[in-house]
Amino acid sequence: MALKKALYYGAIAIAILIAVTVVVSVLTTILSLAWAIVSAAVSLAVLLGLVYVAYRVGKWLFGGSDRGGRTTDGIGTSGSSTTSEPADPQERLRMQYVEGQISEAEFERRIERELETESVEDELDRELNRER
886 MALKKALYYG AIAIAILIAV TVVVSVLTTI LSLAWAIVSA AVSLAVLLGL VYVAYRVGKW
946 LFGGSDRGGR TTDGIGTSGS STTSEPADPQ ERLRMQYVEG QISEAEFERR IERELETESV
1006 EDELDRELNR ER
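Heads up: the sequence shown begins at 886 in my numbering, then just goes up one per residue.
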């Protein structure tokens, strides 16, 4: 009878050991998966950060500017433009308006004046072409 009890308790101990092993394996798998997700997210964040830094450095090195293409020297006055100014006066006015250098009312007033000037110039050009 003692042998029967010993075998019975031994079988129960082995079953408990197997159950604990399965539970520990499942928990380890879940933790490994969570760690892989966190690791991937951190790696992606670092990669995006490096790409952003490379973009900003490239933009800085090759003449891009966040201030509409104008550089500022140490005294605080505007230096020369790194990009060529638009030759079209209307485009120049649009750029000034977009950059916030002139108000909407000022923009409309100046663009109206430009359009009037253009119509007078067009009439003069037409007359000159007719005379030829």
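Just so you know, even glycine gets a beta-carbon here, dropped at the ideal spot from N, CA and C.
Option nearest residue i by Cα separation, candidates the options
i: Glu993; options: Glu1003, Arg979, Thr1002 and Ser1004; result: Arg979
Opening and closing residue of the alpha helix (DSSP H) in which residue i lies
i: Glu993; result: Glu989 to Glu1016
i: Glu984; result: No alpha helix (DSSP H) contains Glu984, which DSSP labels as neither H nor E.
i: Ala972; result: From DSSP, Ala972 is part of no alpha helix (DSSP H); its letter is neither H nor E.
i: Gly934; result: Ala887 to Leu946
Residues of its chain near residue i, where Cβ-Cβ distance is below 6 Å and the 5 sequence neighbours each way are ignored
i: Ser924; result: none
i: Tyr982; result: Phe992
i: Gly961; result: Here the model assigns Gly961 a pLDDT of 47, short of 50, so the residue's position is not dependable, and the following value carries that caveat. Taken in chain order, the list of residues that qualify is empty.
CB contact below 8 Å: residue i versus chain D
i: Thr914; result: Looking at the structure shown, chain D is missing, and only one protein chain is on hand.
Close Cβ partners of residue i (< 8 Å) along its chain, the five nearest in sequence each way excluded
i: Ile987; result: Leu978, Gln981 and Arg995
i: Glu999; result: Pro974, Gln975 and Leu978
i: Val927; result: none
i: Ile897; result: none
Contact test: residue i Cβ vs the ligand MN heavy atom, cutoff 7 Å
i: Thr913; result: With respect to small molecules bound, the structure shown includes none, and the ligand MN cannot be examined in it.
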